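Engineer: Using my numbering, read the sequence shown as starting at 1 and increasing by one per residue.
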Amino acid sequence: MKLTLVLALLAQANGIYGQAVDANGITLYEKIEEMERQILQPFTLNSLVSPCSNNQNGPPEEQEQTAAQWVRILFHDVITKNVEGPGLGGLDASIGFETDRPENIGQFANITLIQFALFSSVFLSMADLIALGVSDSLATCDQPLARRIPLRVGRIDATRAGPAGVPGPADSLAFAQTAFTRAGFTNSEMIQAVACGHSLGGVHQTNFPDIVPESQKTPENTEGRSTFDSTPNVFDNTGVNEYISGVGLKGGPLVVGANETTRSDLRIFKSDNNVTINAMNTPGSFEQTCLNIFEKMSNTVPSGVTLSAPIVPRPWIMRESHLDLTPLGIVTFQGTISAHGATEPPATASYFYGTEGGGNTGPKTSQTGAAIPIFRNTQIGFGTIKDYAFFDTFNSPTIQTINVQGQYSAPINLNIFLLPSQTFTLPVRDGPGGAVLTNRYLVRAAVKGSLVTAGSTVSATLWYPTTQQGSVVPKIATLITTLTLEKTVGPYKIFKAVIIQPGAVVIFGGAHFFQIKLGTTQTSAKISSIVFNTTCTAPDPSGC
Ligand code: HEM
Ligand SMILES: *[C@@H]1O[C@H](CO)[C@@H](O)[C@H](O)[C@H]1NC(C)=O
Ligand SMILES: *[C@@H]1O[C@H](CO)[C@@H](O)[C@H](O)[C@H]1NC(C)=O
Ligand SMILES: *[C@@H]1O[C@H](CO)[C@@H](O)[C@H](O)[C@H]1NC(C)=O
Ligand SMILES: *[C@@H]1O[C@H](CO)[C@@H](O)[C@H](O)[C@H]1NC(C)=O
C-alpha cells in the first residue's frame, strides 16, 4: 500500500504516468524529453542547415538551399488544412504522400523528409521534425540574433494523403485567399507568411521554366535560381524593403517576373494596399512578425492532436541511461547527464539515488564533464553544452529514482529491465558483408524473481520504422514478442527471445526502441538499440 502510494506520487512528480498517451503508448512528457535531447545534441539535424546557405544534397552551384527547403515544406504541408471540414490536414507530414502533385513540384519534399527520417522514432514524429526543422533553419538564418520559434511536440503523422490545394504562382489572389482562410489564416497573415517565407531561397528555372528564363542558368547556378531578395541566406527584411522601395531585386521573380500571370507575391502583398507589408519593414518588426506567423503555421495541426507547451530545454537532463547486470549478477546503472547554460556548467554533476520511503543512497559525483564541440554554437543559442558520464553499481534494492543537481529526476525500475550488455544486434545480411535485409536481436531482460509466478508473461515491445507505400516517411510499427525463461541470476530471473523485425528495413528510418513488460503490472524503461552489444561471434543468435 505504502509502496503503491510512493510510486503514484513519483509518477505524478515525473509526469510519466497518468498522462494521455498516443497510439504507440507514448506520453507528451516522453516526447518533450526526447526533443530536448535532440535540440541539445551537437552535429545533429541542425548541422544540415549550418550555414544557412548549405546545400546538403548537392554541390553549391546547384543553388539548392536546405534551410529554404525545410521552411517551404512547412507551407506545403500545412496550407491544405481545412478548419471547417472534419478538421483534417495541417502539419502532419501528409506531404510525403503528396509529392507527385503538380502543386508540390520539385524534389524538396522527398529530400527534406529523407533527411528528417533518420532522426525520427516512436517519440519524434516526422511532423514534429518538420517543426524542429523550421525552428533550426530560422535560428541558423536569423542573423545576428539566432532566435528560435518556440517549439511544441505531439504532432501525429498522417497515414495517407490529405486534401490538395496548395496555391501556386499562377493561381489567382482569390484562390490563395480561399486556401489561407480554409487553413485558418487571415489575409494579413497570408501576406506575412509569404513575405517571411520568401526571405530565403528563390525560384528555380528547372522547376518553373515559365517564371525564370533559361538565361538564368550559369555554371555557378546550374538550376537557374532567381532569388526572392538580395540576401537569400539571411532571414531578414531585405526582400520586404526591396519590394517597398523598388530597389535591388524589387521583390523578386514573383513580383517583377516578366509573366504577369505568375506575379503571385505582388498580388498578395498589395491585396491590402501594402499595409501589412509596410508594417514589416524594420529588422525588428520583420523578425517578430515572422516568428509569430511561423509559430502559428507550425502549430496548425489536425483537430484531435494535443500539442505540448513550448519546450524550453531544462538546464539538466538525462541524455541516455540504462540499467544492466554484470556476469556476476550485480546491478549497474550508467549513462550521460547533459547540462547547458550561458555560464559554463560545473566541472562535475552531482546526483543521488532516491529510495523507497523518501530516503536516498547518498551524494554521488559524475565523471568530469566535457564541453561538447558545438556546430556553430552561437546559432544554436544554448551556451555551453556539457555531457557527464556516470557509472554506478547498485547495492540497494530499493532505489526508485535518480535526482540530478536538485533539478531533474527520473524513475528507475529495478523490478524489470533490459540487459544491454547481453542483448545483441545481429542483422540478417544478404550474404557475408552484404546489405542488411532485416534487423535481428537476441534480447535479454531481468525480472525480479519474487514478482514472477507460473502464469507470468514477460514480453518485449519493439517500435521500429517501416516503409509506407507512396511516401518516404517511415511509419512506426510495433512488434510484441514473448520472452522465455533462461536462467536465474541472484534475485533476478533472466528471460530472452530472438526478435526478427518483419518486412524490409528502412535504412535511414530512425531509432528502434524496446520495452520489457511483466504482464500488465511492470514496465521497463524504453531502451534504444544503439546501446546493444554488437559483438557476438556465434553463427546463430541463440549462441550469444
Ligand atoms: C500563395 C502562396 C505562395 C506561392 C504561390 C509560393 C510560390 C513559390 C514558388 C514558385 C517557389 C519556387 C520553388 C522552387 O523553384 O524551388 C517558392 C519557394 C519558396 N517558398 Fe513559396 N509560395 C507561397 C507561399 C509561401 C509561404 C507561406 C512560405 C512560408 C513558409 C513559403 C516559403 C518558400 C520558401 C522558403 C521558398 C524557397 C525554396 C527554395 O529556395 O528551395 N512560400 N514559393
Ligand atoms: C505565363 O504563365 C502562365 C502560367 O504558367 C502560362 O500559362 C503562360 O503561357 C505564360 N505566358 C507567357 C507569355 O509565357
Ligand atoms: C504597393 O507596393 C508596390 C511595390 O512597391 C507598388 O507597385 C504598388 O503600387 C503599391 N500599391 C499600393 C496600393 O500602395
Ligand atoms: C558483449 O558480449 C560479449 C559476450 O558475447 C561480452 O564479452 C562483452 O563484454 C559484451 N560487451 C559489452 C559492451 O557489454
Ligand atoms: C517521393 O518518394 C515517393 C516514395 O518513394 C515516390 O512515390 C514519389 O514519386 C517521390 N516523389 C518525387 C517527386 O520524386
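No residue lacks a Cβ here, since even glycine has one placed at the ideal position from N, Cα and C. Source: prediction; values computed, not measured.
#1: Could you tell me whether the Cβ atoms of Tyr441 and Ile499 are closer together than 8 Å?
#2: In terms of alpha-carbon separation, which member of Gly358, His76, Ser542 and Val505 lies closest to Glu98?
#3: At 3 residues or longer, what runs of the beta strand (DSSP E) sit wholly inside the region 329-364?
#4: Below 7 Å, is the gap between the Cβ of Ala176 and the nearest heavy atom of ligand 2?
#5: Take Glu559 as the anchor and find which of Phe382, Pro363 and Gly362 has the nearest alpha-carbon.
#6: Return yes when at least one heavy atom of ligand 3 lies under 7 Å from the C-beta of Tyr243, else no.
#7: Ligand 5 and Val472: does the residue's C-beta get closer than 7 Å to at least one heavy atom of that ligand?
#8: Kindly confirm or deny that the region 406-418 and the region 506-525 touch, where touching means at least three C-beta pairs closer than 8 Å.
#9: Could you tell me which of Leu479, Pro502, Tyr408 and Arg444 sits nearest to Pro541, measuring between CA atoms?
#10: Run through DSSP, which three-state label would Met318 get?
#11: At what residues does the alpha helix (DSSP H) containing Ser135 begin and finish?
#12: Return yes when the C-beta of Asn110 is under 7 Å from any heavy atom of ligand 5, and no when it is not.
#13: So Ser308 and Leu138 are supposed to be a Cβ contact under 8 Å. How far apart are they, rounded?
#14: Where are the alpha helix (DSSP H) runs, 4 residues long or more, that stay fully inside the region 374-449, in chain order?
#15: Where does Ser542 sit, in a helix, a strand or coil, going by DSSP?
#16: Would you mind sorting Gln19 into buried or exposed? The rule is 16 or more other CB atoms within 10 Å of its CB.
#17: My output table needs one value for Leu460: the three-state DSSP class, helix, strand or coil.
#18: Using the C-alpha atoms, what's the distance from Ser350 back to Ser285?
#19: Is the CB-CB distance between Asn207 and Gly106 below 8 Å?
#20: Quick one: what does DSSP say Val194 is sitting in, helix, strand or coil?
#21: What distance in whole Å lies between the Cβ atoms of Asp272 and Asn187, which are believed to be in contact at a cut-off of 8 Å?
#22: Would the beta-carbon of Asp100 be found less than 7 Å away from any heavy atom of ligand 5?
#23: Just how far apart, CA to CA, sit Leu291 and Glu103?
#24: For Ala170, tell me which candidate among Asp210, Val122, Gln501 and Val153 has the shortest Cα-Cα distance.
#25: Should Asp265 be listed as close to ligand 2, given that the test is whether its C-beta is under 7 Å from any heavy atom?
#26: Please look up how many angstroms separate the CB atoms of Asp392 and Lys364, rounded, as I've assumed it's under 8 Å.
#27: Just checking my contact of His198 with Gly224 at CB under 8 Å: how many whole Å lie between their CB atoms?
#28: Under 7 Å from any heavy atom of ligand 5, does the C-beta of Gln407 make it?
#29: For Ile516, which of Lys493, Asn360, Phe417 and Lys475 has the nearest alpha-carbon?
#30: Keeping to the same chain, check which residues put their C-beta closer than 6 Å to that of Ala511; ignore five residues upstream and five downstream.
#31: Taking its Cβ as the centre, do 16 or more other Cβ atoms sit within 10 Å of Thr537, making it buried, or is it exposed?
#32: Please identify the residue among Val78, Asn281, Thr425 and Gly341 whose C-alpha is closest to the C-alpha of Asp387.
#33: How is Ser528 classed by DSSP in three states: helix, strand or coil?
#34: Starting from Leu479 and walking both ways along the beta strand (DSSP E), at which residues does that stretch end?
#35: Within its chain, find whatever has a CB closer than 6 Å to the CB of Thr534; leave out the 5 residues flanking it on each side and keep chain order.
#36: Quick one: is Val21 buried, meaning 16 or more other Cβ sit within 10 Å of its Cβ, or exposed?
Structural biologist: Working from what's here:
#1: Cβ distance < 8 Å, so Tyr441 and Ile499 count as in contact.
#2: Comparing Cα positions, the closest option is His76.
#3: Qualifying beta strand (DSSP E) stretches, in chain order: 331-341 and 350-355.
#4: Answer for Ala176: no, Cβ out of range of ligand 2.
#5: In this structure the chain extends from 1 to 544, so residue 559 is not present and cannot be described.
#6: Yes, the beta carbon of Tyr243 sits closer than 7 Å to at least one heavy atom of ligand 3.
#7: Judged by the Cβ position, Val472 qualifies as a neighbour of ligand 5 at the 7 Å threshold, a heavy atom of the ligand being closer than this.
#8: These segments touch.
#9: Looking only at Leu479, Pro502, Tyr408 and Arg444, the smallest Cα-Cα distance to Pro541 is reached by Arg444.
#10: Strand.
#11: Membership of Ser135 in the alpha helix (DSSP H) is indicated by the continuous run Met126 to Cys141.
#12: At a cut-off of 7 Å, the beta-carbon of Asn110 counts as near ligand 5: some heavy atom of the ligand is closer than that.
#13: Actually they are not in contact, since the Cβ atoms of Ser308 and Leu138 sit about 19 Å apart, beyond 8 Å.
#14: Complete alpha helix (DSSP H) runs here, min 4: 377-380.
#15: Reduced to three states, the DSSP call for Ser542 is helix.
#16: Classification of Gln19: exposed, given that the 10 Å Cβ count is below 16.
#17: Here residue 460 is Ala; the residue named in the question, Leu, does not match the sequence. In this structure, Ala460 counts as strand in the three-state DSSP scheme.
#18: Separation of Ser285 and Ser350 (C-alpha to C-alpha, rounded to the nearest whole angstrom) is 43 Å.
#19: Result yes, Cβ atoms of Asn207 and Gly106 sit closer than 8 Å.
#20: If DSSP states are grouped into helix, strand and coil, Val194 belongs with the helices.
#21: Contact flag correct, Cβ pair sits at about 6 Å.
#22: Set against 7 Å, the gap from the CB of Asp100 to the closest heavy atom of ligand 5 is smaller.
#23: Looking at the two C-alpha atoms, the distance is approximately 25 Å.
#24: Ranking Asp210, Val122, Gln501 and Val153 by Cα distance to Ala170 puts Asp210 first.
#25: Because no heavy atom of ligand 2 lies under 7 Å away, the Cβ of Asp265 does not count as near it: no.
#26: Contact holds; Cβ gap of about 7 Å.
#27: Between Gly224 and His198 the Cβ distance is about 17 Å, and since that is not below 8 Å, they are no contact.
#28: Every heavy atom of ligand 5 is 7 Å or more from the Cβ of Gln407, so no.
#29: Among Lys493, Asn360, Phe417 and Lys475, the Cα nearest to that of Ile516 is on Phe417.
#30: Hits under 6 Å: Ser121 and Ser528.
#31: Within a 10 Å sphere around the beta-carbon of Thr537 sit fewer than 16 other beta-carbons, which makes this residue exposed.
#32: Ranking Val78, Asn281, Thr425 and Gly341 by Cα distance to Asp387 puts Gly341 first.
#33: In the three-state reduction of the DSSP assignment, Ser528 falls in the strand class, which pools E and B.
#34: It spans Ser471 to Thr482 - the beta strand (DSSP E) in which Leu479 sits, taken as one unbroken run.
#35: Thr425, listed in sequence order.
#36: For Val21, the number of other beta carbons within 10 angstroms of its own is below 16, and it is reported as exposed.
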